[in-house]
Amino acid sequence: MAKVLVVDDAKFMRMTLTNILQKGNHEVVGEAENGLEAVDLCHSLQPDLITMDITMPEMNGIEALKKIKESSSDVNIVMCSAMGQQKMVVEAIEHGAKDFIVKPFDETRVLDAIERVLS
1 MAKVLVVDDA
11 KFMRMTLTNI
21 LQKGNHEVVG
31 EAENGLEAVD
41 LCHSLQPDLI
51 TMDITMPEMN
61 GIEALKKIKE
71 SSSDVNIVMC
81 SAMGQQKMVV
91 EAIEHGAKDF
101 IVKPFDETRV
111 LDAIERVLS
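Going by full-length UniProt numbering, the sequence shown opens with residue 1, and the numbers climb by one from there.
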């Protein structure tokens, strides 16, 4: 079981991901609605894995990814993107993201990506 931090500016998306992760026997230890919150919560919660939306207010997912990787290089980050954000996904992977999942979320795909990253 992995401790997961779910980061997305849309509450509905956080709820959807939380439900999928719990079905997959993962523990959602926290939620953040922007990159700044994600960076703070990463330090206090010490998750095994973070699902990170790309487009968010205050600090986007790419900036948050870079900040988190500076101080917690071993945390696994899976980016969440809408279709058409391929450039940003590539940039995220170059900066240390382990995988990405596409919205709208498909339960099987999400859990497969999480398993891949954690194994």
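The C-beta atom is built at its ideal place from N, Cα and C for all residues, glycine as well. The model shown is predicted, which means the values in this text are computed figures rather than measured ones.
Could you pull the start and end residues of the beta strand (DSSP E) that Ser71 belongs to?
No beta strand (DSSP E) holds Ser71; the alpha helix (DSSP H) holding it covers Gly61 to Ser71.
Between Glu107, Glu37, Val28 and Leu49, which lies nearest to Ala97 when the distance is taken from Cα to Cα?
Leu49
Note the first and the last residue of the continuous beta strand (DSSP E) segment covering Lys3.
Annotation for Lys3: the continuous beta strand (DSSP E) segment containing it runs Lys3 to Val7.
Looking at the strands, I want to know which residues DSSP matches up with Glu31.
Val6
Please list the terminal residues of the continuous alpha helix (DSSP H) segment that includes residue 166.
Since the first and last residues shown for the chain are 1 and 119, residue 166 lies out of range.
Which residues mark the beginning and the end of the beta strand (DSSP E) in which Thr51 is found?
Per DSSP, Thr51 belongs to the beta strand (DSSP E) from Leu49 to Asp53.
Within 10 Å of its beta-carbon, does Asp61 have 16 or more other beta-carbons around it, so buried, or fewer, so exposed?
Reading the sequence as shown, one finds Gly at residue 61 and not Asp. It is buried - the Cβ of Gly61 has at least 16 other Cβ atoms within 10 Å.
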